[in-house]
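Visitor: This is the structure I want to talk about, given as structure tokens.
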Amino acid sequence: MQGASQKKLSARVKRIGGQVAGIERMLEERRYCVDILNQISAVRSALDALGIELLTRHLETCVLGHGSNSEHESAKPMTQQELLDEVKTALSRFLK
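Read in order, the letters of the sequence shown are residues -10 to 85 in this note's numbering.
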């Protein structure tokens, strides 16, 4: 992953961490349940957006770019069927 892209993802994860910490504070402060549920919903949405970004990047670099030396440095050599199976597994876990 490129430097600017990595920084963008890291910033997003830190924001999500702040939202989760906010939920903890809300619980400690005995805030109204619906307000806490709304914050939980916002965290889920943020995590979904992060997951979509990562899945998209994986498809672009590791699947479509497979064998072109543009894939992630940790990507192992795989056949097209193995790549497809990996994407299916990742999607099924992500969509649960």
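Just so it is clear, CB atoms sit at the ideal spot from N, CA and C, and this is done for glycine as well.
Please read all numbers here as calculations on a predicted model, not as lab measurements.
Give the C-beta separation of residue 2 and residue 39 to the nearest angstrom, bearing in mind that I take them to be a contact with Cβ-Cβ under 8 Å.
Guide: One-based indexing of the sequence shown puts residue 2 at position 13. One-based indexing of the sequence shown puts residue 39 at position 50. The Cβ separation is near 7 Å, so the contact holds.
Visitor: For residue 54, which three-state DSSP category applies?
Guide: Indexing the sequence shown from 1 puts residue 54 at position 65. Residue 54: coil per DSSP, three-state reduction.
Visitor: Identify, in the order they occur along the chain, each residue of the same chain with its Cβ nearer than 8 Å to the Cβ of residue -6, setting aside the five sequence neighbours on each side.
Guide: Position 5 of the sequence shown holds residue -6. Taken in chain order, the residues that qualify are 46.
Visitor: In whole angstroms, what separates the C-alpha of residue 17 from that of residue 34?
Guide: As a working note, residue 17 is residue 28 in the sequence shown. As a working note, residue 34 is residue 45 in the sequence shown. Approximately 23 Å between the Cα atoms of the pair.
Visitor: Counting C-beta neighbours from all protein chains within 10 Å, is the total for residue 22 16 or more, i.e. buried, or is it exposed?
Guide: By one-based count along the sequence shown, residue 22 stands at place 33. Under this definition residue 22 is an exposed residue.
Visitor: In chain order, what residues of the same chain have a beta carbon less than 8 Å from the beta carbon of residue 29, not counting five sequence neighbours either side?
Guide: Within the sequence shown, numbered from 1, the residue matching residue 29 stands at position 40. Closer than 8 Å at the Cβ level, and outside the excluded window around residue 29, lie 12.
Visitor: Leaving out five residues on either side along the sequence, give the residues of the same chain with a beta carbon under 8 Å from the beta carbon of residue 32.
Guide: For the purposes of this step, residue 32 is taken as the residue at position 43 of the sequence shown. These residues qualify, in order along the chain: 5, 8, 9 and 12.
Visitor: Check for me: the alpha helix (DSSP H) holding residue 15 runs from which residue to which?
Guide: As a first step, residue 15 must be located in the sequence shown, where it is residue number 26. That run of the alpha helix (DSSP H) goes -8 to 17.
Visitor: Distance, Cα to Cα, residue 26 vs residue 15?
Guide: Stepping through the sequence shown from its first residue, residue 26 is reached at position 37. Stepping through the sequence shown from its first residue, residue 15 is reached at position 26. Between residue 26 and residue 15, the C-alpha separation is close to 10 Å.
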